[in-house]
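Chains A and B, in that order, give the protein sequences. Using our numbering, read the first sequence as starting at 1 and increasing by one per residue. Using our numbering, read the second sequence as starting at 236 and increasing by one per residue. Idealized CB from N, CA, C, for every residue including glycine. Small disclaimer: the values here were computed from a predicted structure and weren't measured.
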Amino acid sequence: MKKWVPTVIFLAVAVVLIVLAIVFLPVSKSVWVWIAALLTLAIFSILYRDNPIYRIAEHIFVGLSLGYGLAMIWHMALWQIALRPLFVEGRLILIIPIAIGLLYFTRLIPKVSWLVRIPISIALGLGSGIAIPLIFQATIFEQTKASLVLPEMFAPGNPWPGIWAIILLIGIVTTLAYFFFSRKEKSVLSPVSKVGIIFIMLGFGATFGLTVMSRVSLLIGRLQFLLRDWLGIIE
Amino acid sequence: MKFWERLGKIDRRIIYIVLAVVVIIPLILTVKLPGKVRAMPRTKDVFDHIENIDPNGKRRAILISVDFDPQTEPELKPQLEAVVRHAFARNIPLLVMALPIQGTDIGIEVFTRLAEEHNKEYGIDYVILGWKPSPVAVILGMGNFIEQVFPTDYLGTPLSELPVMEGIRNYDDVGLVMDFTGSSFYAYWVYYAHTPYDVPVATGVTSVSVADIYPFLGSRQFIGMLAGMKAGAEYERLVKDKYYQDQDIFLRGTQALPALSASLLVIILFVILGNISHFATRRKS
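This is the structure in structure tokens:
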């Protein structure tokens, strides 16, 4: 079979279905809904195999995303934060940060490309200074505190918080033992790390299940759009 | 070729068709699940927290960050709509913003539609702050003074002229930061809003991120979590039962739940059959 045959068949079937839908169903009259629906079907066509219709939709998506991003950055960032305050409101102090930001472009001129280190070092220093203490607090100290097993967790009549806390603690210790690589092959840590593998596998299983649920939800969302907003089959 | 061998080599397109049919049929036939949708404790935590916000008190506002793009909309939009309906029903002032660029437009679409449904007025009941670059600077800056980061709303109106912003200066006046995200923006809110300013934070995430959120729930750095489309349906049910019993409102997540359950059952079946086929053919070889 020639390569273009499935594409032609797909197009013909799509046209027939669309004509039938227009005649028999309360389809949307919005041009935008139609564009979105046809592009959705075009992207779905990859499930059969790679084809020109899919590639057209893919290129439209990439181009559109880039154009949208650039327009938004111009209107909501460059113009609002930098250019309008500087040129319209006359806030001359902004020349300093704008000039530092422009130094990023010196990478394009080999003779002065070393100047790019100035904005990079400022961004790096500032970012690290802000992030390190807060992330340490949020992820190390708070999480360590949360893994403590405390006597009040074993309240009479409801010991479950305490039991969960113990299981959590065992999971943390054994998983960390598994990732402690610089040990002898038959050390005391070996059986402990084997328990860690069980916890890691449980984690992988949960993540896989959740990923499947996530992807199916996306499919349902798109089909909801096609059946409700476009074709009007469901309310 | 034996049955199990043939089953192991089944064309993936047949699986796609089966899955599509399994999703479409419950949607078209408006199948309802037996029994009531029961909210998970993490979903209930978010609901209860919003229930306890006093719309006339000090910490009366909810800051909603629409940190997702169209790719994850099917999972997160039902959650967002349910939370907005809840806040509108309780007359809680809403501040809407976005950390990724696309979030602003999704926020505008959802809020414009729901505000019309609930007779809420822009500038009085809610405000859309918009988007600003550099999430870390935005989140930290708002802890000091919101107007310093967003001097105007997304339409260019100064925030000082909007009645909804009266008495709302920074996180001290915010009862909850609710972040809806399909990526890792939830961590920014924990690191840069909850940790330094102690503002209550909750998140609505896609199912795929749920495992990453649990450590922050155990430590109460998040007061609650909405997990995927299922939590959207759960929250819709909580809100409908309490505030919209007699009203006919579109519940996006609830409508999708039977299709989600059916498709997951089919996938479980495929996994079991695939494993049987694998072991049967391996033993033979």
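Worksheet item: Nearest to Ala274 (chain B) by CA position, among B:Met464, B:Arg518, B:Tyr479, is which residue?
Response: B:Met464
Discussion item. If we define contact as Cβ-Cβ less than 8 Å, is Gly205 (chain A) a contact residue for chain B?
Written reply: no
Discussion item. Which complete beta strand (DSSP E) runs does the stretch 405 to 472 of chain B hold, if anything under 3 residues is left out?
Written reply: 409 to 416, 436 to 440, 460 to 462
Worksheet item: Residues bridged to Asn158 (chain A) by DSSP?
Response: A:Ala155
Worksheet item: If you run the structure through DSSP and keep just helix, strand and coil, what is Thr265 (chain B)?
Response: coil
Worksheet entry | Candidates B:Gln456, B:Asp481, B:Met460: closest to Thr139 (chain A) by CA position | B:Gln456
Fill in: CB contact check: Ile234 (chain A) to chain B, cutoff 8 Å
yes
Worksheet item: Does DSSP put Tyr357 (chain B) in a helix, in a strand, or in coil?
Response: strand
Worksheet entry | According to DSSP, residues forming a beta bridge with Pro393 (chain B) | B:Thr387
Worksheet item: In terms of DSSP beta bridges, what is Val332 (chain B) paired with?
Response: Per the sequence shown, residue 332 (chain B) should be read as Met rather than Val. Paired residues: B:Ser300, B:Gly365.
Fill in: The alpha helix (DSSP H) enclosing Trp34 (chain A), as first and last residue numbers
31 to 44
Discussion item. Check whether chain A comes within 8 Å of Val521 (chain B), counting only Cβ atoms and requiring the distance to be less than that.
Written reply: The structure shown does not extend to residue 521 (chain B), since chain B is modelled only from 236 to 520, so the question has no answer here.
Practice prompt. Using a Cβ-Cβ cut-off of less than 7 Å, list which residues of the stretch 303 to 314 of chain B approach chain A; keep chain order.
Written response: Glu308, Pro309, Glu310
Practice prompt. Compare the C-beta of Arg248 (chain B) against all C-beta atoms of chain A and say whether one is closer than 8 Å.
Written response: yes
Worksheet item: If Leu411 (chain B) and Pro450 (chain B) are in contact, beta carbons under 8 Å, what's the gap, nearest whole angstrom?
Response: Their Cβ separation, rounded to whole angstroms, is 20 Å, which puts Leu411 (chain B) and Pro450 (chain B) out of contact at 8 Å.
Worksheet item: Residues in its own chain within less than 7 Å of Ser496 (chain B) by CB, not counting five upstream and five downstream?
Response: Leu268
Worksheet item: Using a beta-carbon distance below 8 Å, is Val521 (chain B) in contact with chain A?
Response: What is shown of chain B runs 236 to 520, which leaves residue 521 (chain B) out entirely.
Practice prompt. In angstroms with no decimal places, state the Cα-to-Cα distance between Pro328 (chain B) and Asn354 (chain B).
Written response: 14 Å
Worksheet entry | 8 Å Cβ cutoff, Gly221 (chain A) in contact with chain B | yes
Item to complete: Check the Cβ-Cβ distances between Tyr48 (chain A) and every residue of chain B, and say whether any is below 8 Å.
Response: yes
Fill in: Best match in B:Glu396, B:Asp476, B:Leu504 for proximity to Val362 (chain B) [C-alpha to C-alpha]
B:Glu396
Item to complete: Whole angstroms is fine: what's the gap from Phe87 (chain A)'s alpha carbon to Ile96 (chain A)'s?
Response: 14 Å
Fill in: Proximal residues, the stretch 251 to 282 of chain B versus chain A, C-beta separation under 8 Å
Tyr251, Leu254, Ala255, Val258, Ile259, Leu262, Ile263, Thr265
Worksheet item: Quick one: does Leu249 (chain A) have its CB under 8 Å from some CB of chain B?
Response: Past the edges of chain A, shown from 1 to 235, lies residue 249 (chain A), and the structure says nothing about it.
Practice prompt. Under 8 Å between beta-carbons, which chain A residues line up against Gly342 (chain B)? List them in chain order, please.
Written response: The premise fails here: Gly342 (chain B) is roughly 13 Å from chain A at the closest Cβ pair, so nothing lies under 8 Å.
Worksheet item: With contact counted as at least three CB pairs below 8 Å, one residue from each stretch, are the stretch 307 to 316 of chain B and the stretch 380 to 393 of chain B in contact?
Response: no
Fill in: Sub-8 Å separation of Tyr421 (chain B) and Ile135 (chain A) beta-carbons
no
Fill in: Partner residues on chain A for Thr441 (chain B), Cβ-Cβ distance less than 8 Å
Ser214, Ser217
Discussion item. Quick check: the Cα distance between Trp160 (chain A) and Ile172 (chain A), rounded to an integer number of angstroms?
Written reply: 18 Å
Discussion item. With a threshold of 8 Å between beta carbons, is Ile193 (chain B) in contact with chain A?
Written reply: Since the first residue of chain B shown is 236 and the last is 520, residue 193 (chain B) is not available in this structure.
Item to complete: Starting from the Cα of Leu210 (chain A), find the closest Cα among B:Lys312, B:Ile503, B:Asn287, B:Ile511 and give me that residue.
Response: B:Ile503
Item to complete: With a threshold of 16 other CB atoms inside 10 Å of the CB of Gly488 (chain B), please say whether the residue is buried or exposed.
Response: buried
Discussion item. My output table needs one value for Met377 (chain B): the three-state DSSP class, helix, strand or coil.
Written reply: helix
Item to complete: Kindly indicate if chain B contains any beta-carbon less than 8 Å away from that of Glu152 (chain A).
Response: no
Discussion item. Using 8 Å as the threshold, is the C-beta distance between Glu344 (chain B) and Thr516 (chain B) below it?
Written reply: no
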